[in-house]
Amino acid sequence: MPSFDPSQSLALALDRARHARVLGAPGSGKTTVLVEVAVGEILAATEAANRAAPGGFSLDRELLVLTADRRAAARLRSSIEDRLGRPIESTPARTFTAFAFGLLAKDAASRGAPAPRLLTGTAHDEAISATIADPGISAAAEVRELIGVDAVQSPAFRAELRELARIIDDFGWDSEALSQRIVDAARASAGERVSRAPDAALASRWIAALRLLGPVELRLAAEHPGERSASGLLAAAARSVRESDAGFRAPRIVLVDDAQDLGEGQLALLAALADRGSRIWVFGDPDIATAAFHGESTEVLSDLAGALRRAGARAEVAHEPQTVVLGLVHRQTAPLREFVAGLSARIGAAGVGAQRAAIAAAAVSDSADAGDGDRIAFARASTSAEQLGAVAHRLRRRRLGLDGISAVPWDRMAVLCRSRGEATRAARALAGLQVPTDVGSGGIVPGEHRIVRELLRLLQHALGISDLRPAEILDIAGGTIGGLDPVALRRLRAGLSLHERRRARAADRPTEAIEGLVAEAFAFPGDQPLIDSRGGRVLRRIGLIAAAGRAVAESGGTARETLWAIWERTRLSERWQEDALTARGVVADEANRSLDAVLGLFFSLQRHEEQASRQPVAELIEALLDRAVPEDSLARRSERSTVTVTTPQGAVGREFDVVCVLGPQDGAWPNLRSRGAMLGTAALERWLRGGPAEPPSRRETLHDELRLFVQACSRARTELLVLGVSDDEQHPSPFFGFGAAHEVPTPPSSRLTLRGSVAQMRRRLEDDPADAVALASLVALAEADVPGARPDEWYGVLPPSTDAPLVDLDGDPDAVVRVSPSQLEQSEQCPLDWVVSRLAGPDGGASSGLGTLLHHAMETAETPDVDALMDAVLAEWDRLPFESEWQSEQGRRTARAMATGLADYLAQFIGSDRELVDSEARFEARIDRALLVGSADRIEQTTRSDGGVEWSVVDLKTGRFRPSAADLAEHAQLQAYQLGVIMGAFAHESDVVPGGLPGNGGARLLFVHPKAVRAGTTFTEAGQEPLDAEAQGAFRERVGAAATVMAGDRFTARVEHHCSDPHRPGSCAIHIVPAVSHS
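Per this note's numbering, the very first residue in the sequence shown carries number 180; after that it's consecutive.
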């Protein structure tokens, strides 16, 4: 059983048969009292009902708990169930809109009519936009003339017209009747020096806007039949309650949380319930009203009976509503409470102010939370980046519990900004600083997410609504789906341009723009990409994604099914899911945000299908692309511990251990710009309440803004940080000055990051391995799972996929190791370089490709003709991955020079006494557990004077480097070829030399690259003398040793002699990068 302070106990003892007001400062336990009242009503009503008729209890007839926000309603329901200790079948806690919808749905069911549906703000906005653009609507022309063409077409005007529609719903008027009242009032006040009625100019704007609402309502009725706006649902529900027959039973008691934000429509519904016998209890604090700047009034907390009467309650209240003011604040420490109370004292009292006298009940028990800093801090940053860095520092410090500060979970911290746009930007920036964030206000705007825009454009293409243009295809290639960075995108364009020039040259026609190639590659993805490059493969993949969607659409699939086919083909789901679950920092944050956005998109399409909307799917997709109005969604979002980044409105009813408030800047907070100025909606609402037809004064607007600031600061339980930016162009506002007593000379360090802390500690350990503080800090950071803290993460490599050897020589006695002559020397120079090259695959660059073409030309050459050799090379030239035309031309010149050298060699060979035995001759030679395998470019035969023959192997080299004489003597590849000849390992030897093996005539390297040949020549030969018995034995040992290396499970890096040599680059370099703490 929870304990209550005296003022809370007084509230719990109030008479349930009378209306009541419970006022309290932030954190005084208003919601706690509400929950206890609700629990008491449920228990008492259940017991009474069971005594009368067991099982006959109906919660809906006894209790209703209302709040303005769906998430707040969910929290209230959970609190009630927790207090009861069991789940409840009904839903006592609801939003006003949900309650109104339930009433209307029940009424519709009783009449056999379809249930109403909620008209989204987006749909309303689209109807207004279409009506304004319709040349046949005279009211639109009138408004354009009064306000201006540009202003009427702006989002701000559409927002004001939606606000006007809300006002007439809330006050129970229709457009024509309200227009007539305005005309009558203006006429009656003509000539009066002082009048509450609108002047002629304001009245004309109101009337013109009301006339425009008529066509908008007709359009909505045609395009969205049966749908009502939130204010329309409230108005219809209030009428339904008033007009219901005697069988309707209103809830006996209605509890309203955060009543300071009640709107006129909600108040009208409460008034209707009061007329049907409900007792209305309101809980709130007018000092933290967040809807006041919309024109809402907080008078319900100062004069409940009067507010109900003004809202239409006809029944006289028998007794004056009861009032209790809670006197103790249980949320905050004494310093925080004193600070918030001081802010509240600056606000106009709005008829009540006793709640401001509340004091802190007790200091927060966890005194260690104070650490070495003030629990209230106001600080100036020199830049926005420094401001966000300071916020990230404070949040990470509290999360890690550094320096004795108790650790605070991410979800117990919040960053509050003045507007939703600022909150979105701050959330993304903080995510980049390794603070997981979630924007907790304003709903979702799909178009803000690039993945959603790309999916919707692909969906439009698949459904045949609007084909993708080449520029859009390239945009997707460089976006979320394609994943190409700007450099790769430029390479794609260059590769396409080069491909088109080659095709044009071959066909003897002018070149075409690459846009045509993009469209071709997209429309006909085929089995192979148009160009063999990363960009070309991405372009083909995008074409396959679109084709998958089109196939579903053409087979009769719905828009949602088509989108699913597109989404599934992107293969992003698996990667993002993995990132969301296992990655950290900005990667996990972006993955969660993207998945939430895609889920919201599917939910929009699902709702369109399930509601059987008459809106064409083409219009829906266009609306989603153009949507500027945030829309709440019931689609499930990722559940993870994150810092809430929101607005003061988004934090209503919530509390956090640590709160950072951003944005108290001149011109931003307070925002004193006039709201509703185009149509005068704020003045209209004030006039309909009985006040003068004029907008809020500057003083009133300032107080409304201060209420938002108080709301933001009062969310903090133990720590509040307020940050402003002060530079040549920006200055903190007077709101920042309210914290002058708590201002610190410099903001909290923005240099503490998780990775920064790890790097600092690792650097200290690098300098002094005995540094116990650095070691202990690294242990703490590693236990907190901070990236880079664990030693196995210091080199940025994944753990081995297996520790098994490449060849199990010990476990399999028949196993052999295949040793290639070209790789033997590489494995000797650097085993690590060899294994990386082998496992990662060969380099497919243009240089290696050119060498392959020249080898093929030499193999197939019938005459020593340069042009014939070049024809063989150019036949496959388009397969070489040149990035630009100039590189291709340079390659052609090099190829011709090498072809010339090759032709000269072949001509010399024809004029010699040598004969060609074989080209690309393969051989295999077993040496212990090694199998020496390879192929020789040419085997040439020479006849000795004694009639015997000798074979010599020629190996063509197209590289630009020639080994020294010393290196040539030990050249492993040539020695392997010689051993192959000596062992008779080359095929067809017995046919060529009947009666015995040929002699070994040594081996030669043939160089043809212009930079490798001797001056004045086109080719250069470098020979290796025939191997004697000692050299053969030594080479056999080399092969055996290489086989042992190649079969192993660990491979050594020759750092000093190979890996770090800039003149001998190798694949091993990726594994010798030192840890970031290396000095």
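For every residue, glycine included, the Cβ atom is placed at its ideal position computed from N, Cα and C. These figures come from a predicted structure and were not determined experimentally.
**Item:** Rounded C-alpha distance that separates Glu164 from Gly829
**Value:** Outside the modelled stretch of the chain, which goes from 180 to 1258, sits residue 164, for which no answer is possible.
**Prompt:** What are the start and end residues of each continuous alpha helix (DSSP H) run of 4 or more residues lying completely inside the segment 246-295, in chain order?
**Reply:** Within the segment 246-295, the runs of alpha helix (DSSP H) that reach at least 4 residues and sit entirely inside it are, in chain order, 249-263 and 275-289.
**Request:** In the DSSP assignment, find the unbroken alpha helix (DSSP H) run with Val331 in it and report its ends.
**Result:** If you look at Val331, you'll find it in the alpha helix (DSSP H) that goes Val328 to Val331.
**Asked** With distances taken between CB atoms, is the gap from Ala700 to Leu718 smaller than 8 Å?
**Response** Yes, they are a contact pair.
**Asked** How would you label Ser1260, buried or exposed, when you count the other beta carbons within 10 angstroms and need 16 or more for buried?
**Response** Nothing can be reported for residue 1260: it is not among the residues displayed for the chain, which extend from 180 to 1258.
**Request:** Could you check if Asp551 is buried or exposed, using at least 16 other CB atoms within 10 Å of its CB as the buried criterion?
**Result:** Annotation note: pLDDT 42 at Asp551 (below 50); position unreliable, no value reported.
**Message:** Using C-beta distances below 6 Å, list every residue in its chain close to Ser188, excluding the 5 sequence neighbours before and after it, in chain order.
**Reply:** Nothing meets the Cβ criterion.
**Request:** For Phe336, collect the residues of the same chain with a Cβ closer than 6 Å to its Cβ; drop the 5 residues on either side in sequence, then sort them by chain order.
**Result:** So the qualifying residues of the chain are Ala330 and Met857.
**Alpha carbon of Ser546 to alpha carbon of Cys839, nearest angstrom** = In this prediction, Ser546 scores a pLDDT of 43, lower than 50, which makes its location untrustworthy; the coordinate-derived value is nonetheless stated afterwards. In a straight line, the C-alpha of Ser546 is about 20 Å away from that of Cys839.
**Request:** Could you pull out every residue in the same chain whose Cβ sits closer than 6 Å to the Cβ of Ala1151, ignoring the five residues on either side in sequence?
**Result:** Beyond the five residues adjoining it in sequence on each side, Ala1151 comes within less than 6 Å, by CB distance, of Leu1003 and Glu1004 in the same chain, given in chain order.
**Message:** Counting beta carbon pairs with one atom in the segment 444-453 and one in the segment 334-352, are three or more of them shorter than 8 Å?
**Reply:** As far as the Cβ criterion goes, the segment 334-352 touches the segment 444-453, which means the pair count is three or higher.
**Item:** Residues near Phe275 by beta carbon distance below 7 Å, same chain, minus five either side
**Value:** The beta carbon of Phe275 sits closer than 7 Å to the beta carbons of Leu245, Ala247, Leu413, Gln445 and Leu448 from its chain, once the five residues preceding and following it are set aside; these are given in chain order.
**Request:** With a 10 Å radius around its C-beta and 16 neighbouring C-beta atoms as the bar for buried, classify Gly208 as buried or exposed.
**Result:** Counting other Cβ atoms within 10 Å of its Cβ, Gly208 reaches 16 or more and is therefore classed as buried.
**Prompt:** Straight-line CA distance for Leu441 to Val479?
**Reply:** Whole-angstrom Cα-Cα distance: 8 Å.
**Own chain, CB closer than 6 Å to Val614, minus 5 neighbours either side, in chain order** = A distance below 6 Å between beta-carbons, with the five flanking residues on each side excluded, links Val614 to the following residues of its chain, in chain order: Ala571, Leu574 and Val822.
**Request:** State the beta-bridge partners of Leu522 as determined by DSSP.
**Result:** Under DSSP, Leu522 shares a beta bridge with no residue.
**Asked** For Trp1013, which option in Glu908, His303, Ala1248 and Trp755 has the closest C-alpha, if you only look at C-alpha atoms?
**Response** Trp1013 has its Cα closest to that of Ala1248, out of Glu908, His303, Ala1248 and Trp755.
**Item:** Assigned exposure category for Val1224 - 16 Cβ within 10 Å defines buried
**Value:** Counting of Cβ neighbours within 10 angstroms places Val1224 among the buried residues, the total reaching 16 or more.
**Through-space distance from Pro924 to Phe183, alpha-carbon basis** = Going by the C-alpha atoms only, they are around 41 Å apart.
**Prompt:** Hey, is Ala409 close to the ligand GTP, as in C-beta under 7 Å from one of its heavy atoms?
**Reply:** By its list of ligands, the structure shown contains no ligand whatsoever, and the ligand GTP lies outside what it can speak to.
**Item:** Outcome for Ala401 when other beta-carbon atoms lying within 10 angstroms are tallied against a minimum of 16
**Value:** Its Cβ having fewer than 16 others within 10 Å, Ala401 is exposed.
**Request:** Would you kindly report the start and end of the unbroken alpha helix (DSSP H) that includes Ala1104?
**Result:** Segment Glu1094 to Ile1106 is the beta strand (DSSP E) holding Ala1104; no alpha helix (DSSP H) there.
**Prompt:** Taking all protein chains shown into account, do 16 or more other C-beta atoms lie within 10 angstroms of the C-beta of Gly715, making it buried, or fewer, making it exposed?
**Reply:** Its Cβ being crowded by 16 or more others within 10 Å, Gly715 is buried.
**Asked** So the alpha helix (DSSP H) Gln1120 belongs to, where does it begin and stop?
**Response** Gln1120: not part of any alpha helix (DSSP H); member of the beta strand (DSSP E) spanning Ala1109 to Thr1122, first to last residue.
**Asked** Below 8 Å between beta carbons: does that hold for Leu1158 and Leu1111?
**Response** If you check the CB distance, Leu1158 and Leu1111 come in under 8 Å.
**Message:** For Arg969, report the span of its alpha helix (DSSP H) as first-last.
**Reply:** Arg969 -> no alpha helix (DSSP H), and no H or E assigned at all.
**Beta bridge counterpart(s) of Met592 as assigned by DSSP** = In DSSP, Met592 forms a bridge with Val837.
**Request:** Report the partner residues of Ile710 according to the DSSP bridge assignment.
**Result:** Bridge partners of Ile710: none, in fact.
**Best match in Met1077, Pro827 and Val594 for proximity to Ile467 [C-alpha to C-alpha]** = Checked all of Met1077, Pro827 and Val594; the closest Cα to Ile467 is Pro827.
**Gly1202: first and last residue of the uninterrupted beta strand (DSSP E) it sits in** = Taken as a continuous stretch (DSSP letters only), the beta strand (DSSP E) holding Gly1202 covers Thr1199 to Gln1203.
**Message:** Counting C-beta neighbours from all protein chains within 10 Å, is the total for Ala919 16 or more, i.e. buried, or is it exposed?
**Reply:** By the neighbour-count rule (16 or more Cβ atoms within 10 Å), Ala919 is not buried but exposed.
**Request:** Could you confirm whether any beta carbon from chain B is found closer than 8 Å to the beta carbon of Gly281?
**Result:** In summary, chain B is missing from the structure at hand, where a single protein chain is found.
**Request:** Say whether the segment 1067-1075 touches the segment 1029-1037, bearing in mind that this needs 3 or more beta-carbon pairs closer than 8 Å, one atom from each stretch.
**Result:** Taking a cut-off of 8 Å on C-beta distances, the segment 1067-1075 touches the segment 1029-1037, as three or more cross pairs fall below it.
**Request:** Report yes if the C-beta distance between Pro926 and Ala560 is below 8 Å; otherwise report no.
**Result:** Against a cut-off of 8 Å, the Cβ pair of Ala560 and Pro926 comes out as a contact.
**Message:** With three or more C-beta pairs closer than 8 Å as the rule, is the segment 1177-1191 touching the segment 1131-1145?
**Reply:** Three or more Cβ pairs drawn from the segment 1131-1145 and the segment 1177-1191 lie within less than 8 Å of each other, which places the two stretches in contact.
**8 Å Cβ cutoff met for Ala1222 and Arg1101** = In this structure, Arg1101 does not lie closer than 8 Å to Ala1222 by Cβ.
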